[in-house]
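Taking this note's numbering, the leading residue of the sequence shown gets -15, the next gets one more, and so forth. Take a look at the structure below.
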Amino acid sequence: MGSEAVKVVVRCRPLNEREKALGSNTVLSVDLQRCQCFIQKPGAVDEPPKQFTFDGTYFTDQTTEQMYNEIAYPLVEGVTEGYNGTIFAYGQTGSGKSYTMQGVSEPASQKGVIPRAFEHIFESIQFLVRASYLEIYNEEIRDLLGHDTKQKLEVMAYSRCGTD
Ligand SMILES: Nc1ncnc2c1ncn2[C@@H]1O[C@H](COP(=O)(O)OP(=O)(O)OP(=O)(O)O)[C@@H](O)[C@H]1O
């Protein structure tokens, strides 16, 4: 993986029960070595698949543990050394953002990025940590650690001028 400040990786989730019951086919394939994804248009066997290249690719059998070790671990290590870092999950509804970020407790290999990052940070530091957990959905912001996670937050602009 390169040394760019921003890295984009893609994770493909397996078909869910509903999709299987509908007889859906997987149209996406992945070249893990070249970090490429191929999307085949259903029914258009003569058309070449659309091809996309990322900094990392994770297919249905890859675990969050593997993603964490390859992507998040170096970033969180940087945080413990005083650098800022952001992990941003982006995707349509039901694509697997929460599964990757929050995860499930069983199997342990699918524990999410957030609990892994907390364990990682608290193993290596001894000072006060301030954290926030926000959802941006349809241009509305919600505080997922607040008492009412449905309440929309106001976006405030702040500006200040003066001589002090
Ligand atoms: N890598 C995966 N392996 C197995 N199941 C997965 C995987 N990713 C997601 N799923 C399953 O797919 C479903 C949708 O995932 P999830 O809730 O994480 O989507 P989401 O992107 O957070 O959706 P929303 O934007 O609606 O909150 C869940 O049932 C989840 O368990």
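Ideal Cβ placement from N, Cα and C applies to all residues, glycine included.
Here's the rule: buried if 16 or more other CB atoms are within 10 angstroms of the residue's CB, otherwise exposed. What is residue i?
| i | result |
| --- | --- |
| Y142 | exposed |
| A(-11) | exposed |
| C145 | exposed |
| Y117 | exposed |
| V184 | Past the edges of the chain, shown from -15 to 148, lies residue 184, and the structure says nothing about it. |
| V113 | exposed |
| V60 | buried |
| K136 | exposed |
Could you tell me if the beta carbon of residue i falls within a distance shorter than 8 Å of some heavy atom in ligand 1?
| i | result |
| --- | --- |
| N0 | yes |
| S8 | no |
| Y83 | yes |
| T77 | yes |
| T44 | yes |
| G66 | no |
| V88 | yes |
| R(-3) | yes |
| Q50 | no |
| Q135 | no |
| G80 | yes |
| Q94 | yes |
State the CB to CB distance for the pair residue i and residue j, rounded to an integer number of angstroms; the pair is presumed to be in contact (CB under 8 Å).
| i | j | result |
| --- | --- | --- |
| T37 | C19 | 6 Å |
| A73 | R100 | No, A73 and R100 are not in contact; Cβ-Cβ is about 14 Å, not under 8 Å. |
| T70 | S108 | Actually they are not in contact, since the Cβ atoms of T70 and S108 sit about 19 Å apart, beyond 8 Å. |
| Y52 | V97 | 6 Å |
| E138 | L128 | So it is not a contact: roughly 16 Å between Cβ atoms. |
Inset, instruction - Specify whether the region 79 to 86 and the region 132 to 139 touch according to this definition: at least 3 beta carbon pairs, one from each stretch, less than 8 Å apart. - result: no
Legend entry - Secondary structure, beta strand (DSSP E): runs of 3+ residues fully inside the region 40 to 67: Listed in chain order, the complete beta strand (DSSP E) runs (minimum 3 residues) inside the region 40 to 67 are 40 to 42.
Inset, instruction - Give, in chain order, every unbroken run of the alpha helix (DSSP H) that is at least 4 residues long and sits entirely within the region -3 to 22. - result: Within the region -3 to 22, the complete alpha helix (DSSP H) runs of at least 4 residues are 1 to 5.
Inset, instruction - Flag this pair as touching only if the region 39 to 47 and the region 7 to 23 have three or more C-beta atom pairs under 8 Å; answer yes or no. - result: yes
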